[in-house]
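According to full-length UniProt numbering, the sequence shown is numbered sequentially starting from 1. Glycine is no exception: its CB is placed at the ideal position from the N, C-alpha and C atoms. Computed from a predicted structure; not experimentally measured.
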Amino acid sequence: ASLSACPLATCCASLHFSARHPIGYSLPGPELGYSGFCFLDSVCGHCPWGWAWFQRTCYYFSESTKIWREAKQFCLDYGAQLVIINTKEEQVFLVKNRPKSRAYWLGLSDKKVENQWLWVDGSPLKLRYVGFWSSGEPNDSGDEDCGTMTLDGRWNDINCYMTDYWICEKPWLC
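Right, dumping it as structure tokens:
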């Protein structure tokens, strides 16, 4: 096996492994101070250390917690955004690849107008994805305006000032 690393802002891993190995490998991510994943599909090296690749997008699963606004800013600081889930396949990928004992902020909120859910890019939540919500959610109980992926992978609205892990995404450039 061979491995080469480069700065977080530009890329990350060049891997050469036998095809018999599993898809994901745990690798150190010194720039973010944690261990993350590098997937064989990202061998052209354009997903940063600790980011996972799926359908031409790089994903970062945080190792710490922040309030929603701070998580959103973290993603922006790394040229990314809080995750916008566009397909059922993307939802399934995120559920399968996140640590199971954590809930994660999504790039989804109804902060501007109650019950008008918008992604961080300003696009509205499409009706075909309302099935991702937990039963009875969103319910705005206790000023809940930000979307999160719960421990079971369903969506919930919680108060934006609570702390949670988060998922960033950015385009895969290859």
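I need the DSSP call for residue i, collapsed to helix, strand or coil.
i, result
"Trp51", "strand"
"Pro171", "strand"
"Asp152", "coil"
"Asp164", "strand"
"Lys88", "helix"
"Trp119", "strand"
"Lys66", "strand"
"Leu125", "coil"
Which residues does DSSP pair with residue i in a beta bridge?
i, result
"Gly147", "Asp157"
"Asp140", "DSSP lists no partner for Asp140."
"Thr57", "Phe54, Pro171"
When the distance is taken between beta carbons, is residue j closer than 7 Å to residue i?
i, j, result
"Arg56", "Trp172", "yes"
"Tyr167", "Tyr59", "Per the sequence shown, the amino acid found at residue 167 is Ile instead of Tyr. In this structure, Tyr59 lies closer than 7 Å to Ile167 by Cβ."
"Leu82", "Gly107", "yes"
"Asp145", "Ser109", "yes"
"Tyr104", "Tyr161", "no"
"Gly153", "Val113", "no"
"Trp119", "Ile84", "yes"
"Phe74", "Arg98", "no"
"Phe132", "Phe93", "no"
"residue 179", "Asn156", "For residue 179 there is no data in the structure shown, the boundaries of the chain being 1 and 174."
Residue i and residue j look like a contact to me (Cβ under 8 Å); what is the Cβ gap, rounded to whole Å?
i, j, result
"Ala80", "Lys170", "4 Å"
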